[in-house]
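Q: Per the UniProt record's numbering, the very first residue in the sequence shown carries number 1; after that it's consecutive.
Right, I'll just put the structure down here and ask away after.
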Amino acid sequence: MRNSGSKFRKVGMFDTQLWVDEWRRVHPIKPAALVAQNLGAPVRSVEKWFSGEASPSLKWLGPIFTMYGATFVLRGMRNPPAWLCEASRREQRERLAMMQEAIDAEFSDLEYAEFEA
């Protein structure tokens with residue numbers, strides 16, 4: 001049974017305060033309000049997650065995963081399962097590939113600019 005005055009930091013294999021730390025980094029201004037908006041969660045519930053009074057229930061794991069990705073979910077776990085580690089690596093590879101494409105396009109634009117000058 002829950003003790004009403006206690007703080008809930010860890011829920012099962014998740015350390016939800018690690019998520020809170022990451023949300024604060026991602027959303028430095030009004031983090032609780034933005035997380036609530038992104039997840040479609042009640043603001044008061046998210047404020048309780050941030051204060052440590054409560055933790056997200058499993059109902060919110062899907063929306064958190066969908067909105068913030070595998071790497072974000074992984075960062076809230078001490079011993080993540082192998083499938084989540086692989087999903088995180090795939091997500092990071094895709095992100096880096098997009099960054100590389102953007103950098104290659106910039107280099108290409110610079111090369112053409114040199115010929116025009």
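Glycine is no exception: its CB is placed at the ideal position from the N, C-alpha and C atoms.
Quick caveat: nothing in here was measured; it's all calculated off a predicted structure.
#1: From H27 to N79, what distance separates their C-alpha atoms?
#2: R78 lies in the alpha helix (DSSP H); which residues open and close that run?
#3: Counting C-beta neighbours from all protein chains within 10 Å, is the total for S4 16 or more, i.e. buried, or is it exposed?
#4: Check whether the stretch 97 to 115 touches the stretch 52 to 68, taking contact to mean three or more Cβ pairs, one atom from each stretch, closer than 8 Å.
#5: Excluding the 5 residues preceding and the 5 following P31 in the sequence, name in chain order all residues of the same chain whose CB lies nearer than 6 Å to its CB.
A: Let's see:
#1: 26 Å
#2: Neither: R78 is in no alpha helix (DSSP H) and is coded neither H nor E.
#3: Only weak support exists for where S4 lies, its pLDDT of 40 falling under 50; the value from the coordinates is given anyway. Answer is exposed; the Cβ neighbour count stays below 16.
#4: no
#5: W23, R24
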